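Quick notes on the structure that follows.
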Amino acid sequence: MKSGIPVLCSLLVFCHASPGETVTSEAHRFRVEPVAENLDHPWAVEKLPDGRFLVTERQGNLLLIDRAGAPPQNIAGVPPVFARGQGGLLDVELHPDYAENGWIYLTFSKPTGKGALTSVVRAKLDGGKLADLETIFEPPADQATEAVVHFGSRIAFDGRGNFFFSIGDRGGPTNPRNLAQSLSSVTGKIHRLRDDGAVPPDNPFVATPGAMPSIWAYGVRNPQGLVYDTASARLWETEHGPRGGDELNIIRKGANYGWPVATFGINYSGTTITDKTSLPGMEDPVAQWTPVIAASGLALYRGDKFPRWQGNLFAGGLAGQRLVRIELSGAIVAAQEILLKDTGRIRDVRVFDDGFLYVVYDEPGKVVRLVPAE
């Protein structure tokens with residue numbers, strides 16, 4: 003975490019876009035169109051091949067939404083969730099071969115007798131219910147904690163039969179955040195599994211005594227943005243810092259990302275977490291936000307509707323209430339642009355096969371999409 007790490011700050015701002023209003027950004031003119039409204043703390047959106055959408059709501063609802071105007075359908079069969087604090091029903095992602103196998107992946111905070119665990123399941127959509135539910139990942143029961151923060155969690159498939167998912171450090175009075183540095187704990191990690199939940203034999207810590215074999219990388223705080231670029235084979239991640247120090251990272255096999263022994267952030271009280279922003283053997287972020295945007299949701303644009311955005315990252319901000327376009331030059335941030343600001347808390351950002359950019363607002367609860375206005 004060297005002093006030369008770029009600080010992502012406001013360069014260009016195009017904000018306060020109302021539905022249907024044309025916004026002129028540096029590269030494209032676009033409009034914001036509603037997809038779904040009046041949602042209760044939505045967390046993620048996924049698009050089905052038939053054009054309908056799946057939306058998770060934090061309190062445990064999986065909604066099937068048809069833009070033709072029918073009311074959202076609440077899908078039955080979702081596992082019970084620990085809907086307290088930041089916990090609940092979290093990410094939703096289709097298997098890359100969904101058209102052939104029908105698998106839908108969900109992450110959620112699973113209630114236990116001692117708090118909650120971040121877990122992964124998959125199931126198939128059968129009319130108005132989930133069928134063939136399978137547990138893909140569940141941490142050991144003794145790692146449950148009553149902390150209600152920092153669950154993560156995003157899913158990203160690599161197109162080669164594996165998927166990555168994030169779990170936050172669960173830092174709180176009952177769960178020390180330094181577990182992010184412990185390979186025996188699932189928290190504060192990026193994990194990698196085969197699509198059926200098996201551990202890939204080339205995971206970095208499969209032969210390390212006492213280590214969780216699913217771990218791909220460690221030392222992260224609360225990663226809620228995760229996207230895999232098949233063109234470059236890079237796994238991009240954004241994570242919440244504390245007060246300062248939100249990060250944009252490239253996640254590498256076996257790497258340590260420093261939290262909490264090296265960070266640009268400080269405690270919310272203003273006290274110091276560490277005087278180190280860099281340590282030997284630990285990965286530096288590609289860039290960091292101070293002040294934070296509360297980074298949540300990350301998308302990579304590979305669509306056909308906005309050609310001058312090809313290969314750009316789009317990061318959502320909760321407290322920052324903004325959508326940030328990040329222009330890359332290989333593995334380096336070349337420029338950034340704030341496309342939307344002060345329009346609400348952005349939880350998720352997606353790009354689907356239709357080429358539009360989708361944005362999920364935690365508050366106000368809604369899903370919108372950016373469409374070209376040229």
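Numbering of the sequence shown is given in my numbering, commencing with residue 3 and proceeding in unit increments.
By construction, the Cβ of each residue, glycine as well, lies at the ideal position given by its N, Cα and C atoms.
These numbers come from a predicted model, not from an experiment.
- In the structure shown, Pro74 falls within a coil segment according to DSSP collapsed to helix, strand and coil.
- For Tyr100, the three-state secondary structure derived from DSSP is helix.
- Note on geometry: alpha-carbon atoms of Leu372 and Thr345 lie some 13 Å from one another.
- Within the same chain, and ignoring the five residues on either side of Gly174 in sequence, the residues whose Cβ sits closer than 6 Å to its Cβ are Ala149 and Val151.
- Taking the CA atoms as reference points, Arg196 sits about 6 Å from Gly163.
- Relative to Val294, the option among Thr274, Arg254, Pro282 and Leu250 whose CA is nearest is Leu250.
- Boundaries of the beta strand (DSSP E) around Asp350: Arg347 to Val353.
- Going by DSSP, His193 is part of the beta strand (DSSP E) stretching over Lys191 to Arg196.
- If you draw a straight line from the Cα of Gly357 to the Cα of Thr58, it is about 22 Å long.
- Annotated three-state conformation of Gln323 is coil, per DSSP.
- It is roughly 6 Å from the alpha-carbon of Pro36 to the alpha-carbon of Val369.
- One thing to note: Ala158 has its Cβ within 9 Å of the Cβ of Val229.
- Residue burial is scored here from C-beta neighbours: Thr189 has at least 16 other C-beta atoms within 10 angstroms and is therefore classed as buried.
- Residue nearest to Phe55 within the set Val47, Gly62 and Gln61 is Val47 (criterion: CA-CA distance).
- Non-local beta-carbon contacts of Leu341 in its own chain, meaning distances under 6 Å to residues more than five positions away in sequence, involve Phe16, Ser27, Leu325 and Arg327 in chain order.
- Of all alpha-carbon atoms in Gly154, Glu136 and Val361, the one lying nearest the alpha-carbon of Leu127 is that of Glu136.
- At the C-beta level, Phe110 and Gly62 come within 9 Å of one another.
- Gly129 and Gly104 have their C-alpha atoms roughly 12 Å apart.
- Here the alpha carbons of Asn258 and Pro206 stand approximately 12 Å from one another.
- Assignment of alpha helix (DSSP H) within the segment 27-67, counting only whole runs of 4 or more residues, yields no such run.
- Assignment of Asp93 by DSSP, reduced to helix, strand and coil, places it in the strand class.
- For Thr240, the CB contacts under 6 Å within the same chain, skipping 5 residues up- and downstream, are Gly227, Leu250, Ala297, Leu300 and Ala317 in chain order.
- By the criterion of a C-beta distance shorter than 6 Å, Ile169 is surrounded in its chain by Thr120, Gly154, Ser155, Val188, Thr189 and Lys191, once the five residues flanking it on both sides are discounted.
- Under the Cβ criterion (8 Å, minimum of three pairs), the segment 304-315 does not count as touching the segment 274-294.
- DSSP, reduced to helix, strand and coil, places Arg304 outside both helices and strands of the structure shown, so it counts as coil.
- DSSP places Ala317 in the strand class (E or B) of the three-state scheme.
- Bridge partners of Asp128 according to DSSP: Lys131.
- Excluding its 5 nearest sequence neighbours in each direction, Asp364 has C-beta neighbours in its own chain below 6 Å: His43, Arg347 and Arg349, listed in chain order.
- A residue is called buried once 16 or more other Cβ atoms fall within 10 Å of its Cβ, and Glu285 is buried on that count.
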